[in-house]
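Have a look at the structure below before the remarks.
Next comes the structure, spelled out in structure tokens:
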């Protein structure tokens, strides 16, 4: 009987968010087992808020102490989704009956159990984590559950957070996060401001724009705020919340989330919120690989022309097409 499983995913925020489908499969298939994760410090609060996680171990950098914690937890299985030689050294002495790692890098040969975790062309990268879990469940004769329509149901908190962001009457809250990170591209504050202005002017929906930011991103948000305020567009600066988990929860208030940063986009995807994402134009297709967890009909994604000279120039995006698509979505779903 499997009573305790450790899943190792100690990298960036967006990567951990895209691991939620795999965690859902584990918890749904093994409801009585303790599903535990090893994560980076920046992800701790979000991991603790995840409904599919029962215990969190944080990567402090002290590998010897962490290995001792692993031993004390007495795992029946370890699934290494973020594989490094360092991780192998931390878990090699565990008495766990089953240790599974992906088939990449030379140290895969040090594991007794390995599986293909390479998502196929045209698939999103979150499939990789699911492939490992599916292999684990199949090898143990456990049925693979169906994935849900939505990974984080916080509908009961929606009105609370809408009030927090100042929603009034029939206003629809359009969140904009102007920072950049991961495989998304960086739009200029002017591009965001012009896009917001045209959306507000053309849609039948009563919009209020909520500008979210963290740290140095405040300057970008302020520039957008100043430009929209001059045009009498309804806009607010969203004061950062005290923790990543609170921010992630608060996104349930959004009616649409527009960003050039994969982390916040992925958080919105957990709530199945309509997302508008901007990605670099690369042949590796980050627009597909890093797509959000929102339903396909709730994902609007754009890139500049693919190429070495054009792929990173976000000003080359066809903003007329973006405006047309966003307005059409808002009018069809909210007007």
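In the numbering used here, the protein residues as written are 898 to 1232. Ideal Cβ positions, reconstructed from N, Cα and C, are used throughout, including at glycine. From a predicted model like this one, the values you see are computed outputs, not experimental measurements.
According to the neighbour-count rule (16 or more other Cβ atoms, all chains shown, within 10 Å of its Cβ), is residue i buried or exposed?
i            : result
residue 1217 : exposed
residue 990  : exposed
residue 1195 : buried
residue 1186 : buried
residue 1006 : exposed
residue 1112 : exposed
residue 1152 : buried
residue 1228 : exposed
residue 965  : exposed
residue 926  : buried
residue 1207 : exposed
Does DSSP classify residue i as helix, strand or coil?
i            : result
residue 1233 : Residue 1233 falls outside the range modelled here, since the chain spans only 898 to 1232, and no answer is possible.
residue 1168 : coil
residue 1037 : coil
residue 1180 : coil
residue 1220 : helix
residue 1196 : strand
residue 950  : coil
residue 877  : This structure cannot speak to residue 877, because the chain is shown only from 898 to 1232.
residue 968  : helix
residue 1159 : helix
residue 910  : helix
residue 974  : strand
residue 1213 : helix
residue 904  : strand
residue 933  : strand
Would a check of beta-carbon distances place residue i closer than 9 Å to chain D?
i            : result
residue 1130 : Chain labels in this structure do not include chain D; a single protein chain is all it has.
Tell me the rounded alpha-carbon separation between residue i and residue j.
i            : j            : result
residue 942  : residue 1144 : 10 Å
residue 1261 : residue 982  : The structure shown has nothing for residue 1261, since the chain only spans 898 to 1232.
residue 1001 : residue 1232 : 49 Å
residue 1104 : residue 1060 : 15 Å
residue 1034 : residue 955  : 25 Å
residue 951  : residue 930  : 9 Å
residue 1094 : residue 1125 : 7 Å
residue 1212 : residue 916  : 32 Å
residue 1204 : residue 1063 : 42 Å
Determine whether the beta carbon atoms of residue i and residue j lie at a separation below 9 Å.
i            : j            : result
residue 905  : residue 1163 : no
residue 1128 : residue 1177 : no
residue 960  : residue 986  : yes
residue 901  : residue 995  : no
residue 1050 : residue 1214 : no
residue 886  : residue 1121 : Outside the shown range of the chain, which is 898 to 1232, sits residue 886, and nothing can be said about it.
residue 1027 : residue 939  : no
residue 1142 : residue 1070 : no
residue 1160 : residue 1198 : no
Mind checking whether the beta-carbon of residue i lies closer than 8 Å to any heavy atom of the ligand SAH?
i            : result
residue 1008 : In the structure shown, the ligand SAH is absent, as is every other ligand, since no ligand is present at all.
Runs of beta strand (DSSP E) lying entirely within the stretch 1111 to 1150, each at least 3 residues, in chain order: 1132 to 1134
Continuous alpha helix (DSSP H) assignments of at least 4 residues falling wholly in the stretch 976 to 1017: 982 to 988
Those runs of the alpha helix (DSSP H) which lie wholly inside the stretch 1035 to 1105 and span at least 4 residues: 1055 to 1061, 1086 to 1099
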